[in-house]
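In terms of the working numbering, the sequence shown opens at residue 177 and continues consecutively. Cβ coordinates follow ideal geometry from the N, Cα and C atoms, glycine included. Working notes, beginning with the structure itself.
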Amino acid sequence: MRIKICGITRPEDARTVDQAGADAIGVVLFSDSPRSVEPEQAAEIFRAAGPYMGRVCVSHTSSRSELEEILQLCPTAIQISNPHPMPSDRTVQVIRVIEPGMDLPTSVDTDALIVDTSQGKGKPYDPGFARSVMNKTTLPVILAGGLRTDNVAEAVRTLHPYAVDVASGVEISPGIKDPQKIRSFIQNARLQS
């Protein structure tokens, strides 16, 4: 089971996530989220994680110039909800956000889908919608929304997503992660895989 801990706002949390065994960290940019960081902070957070940690920039920006700033951070992936076309020579993976009522992306510049109606607010995922998306695509599907240490194992067991993604479910307060919750989340997610 692949695991991303999202909404990282501090280098020490990036190190904790790496040491706990997650596969990726996510930083939020150009957003009104309380977890949003400036590009300089994102670069510092990325530097704090080890060499094998995936680095994901998360944004809902509609600005091409902001997207260019994100690409300058050299993330391993970009998670985005707007249908920005990506350059054909891109070196970054693209994860598109999918919510109820949206059409599945058909563009060739989509490498994975994330079922996320919560967007860091702790709103529970809809298992029926998640299953529907998984049945309609060959792309990897990531599950997010309301996941916590006490429900992630059940989500993995019943839906078998490509990966799980958590932000508020492992926090003390918005953007401040709880090391014990991170470790428990990762352990519980991997119990079923």
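Determine whether the beta carbon atoms of residue i and residue j lie at a separation below 8 Å.
i      : j      : result
Ile181 : Lys299 : no
Ala219 : Arg191 : no
Val270 : Ile254 : yes
Val373 : Gly202 : There is simply no residue 373 to check, as the chain begins at 177 and stops at 369 in what is shown.
Ile362 : Ala196 : yes
Gly230 : Gly351 : no
Ala288 : Tyr338 : yes
Thr293 : Asp279 : no
Ala331 : Val317 : no
Arg359 : Gly345 : no
Taking DSSP's pairing of strands, which residues face residue i in a bridge?
i      : result
Ser212 : Val204
Asp199 : DSSP lists no partner for Asp199.
Ser349 : Ile352
Ala288 : Ile271
Arg178 : Ala339
Ile318 : Ile290 and Ala339
Evaluate residue i with the Cβ neighbour count: other Cβ atoms within 10 Å of its Cβ, from every protein chain shown; 16 or more gives buried, anything less gives exposed.
i      : result
Pro251 : buried
Arg266 : exposed
Thr334 : exposed
Ile256 : buried
Could you give the distance in angstroms between the alpha-carbon of residue i and the alpha-carbon of residue j?
i      : j      : result
Ser241 : Val284 : 22 Å
Ala198 : Lys357 : 12 Å
Gln248 : Arg223 : 14 Å
Uninterrupted beta strand (DSSP E) stretches inside the stretch 225 to 275 (no shorter than 3 residues): 230 to 235, 253 to 256 and 269 to 274
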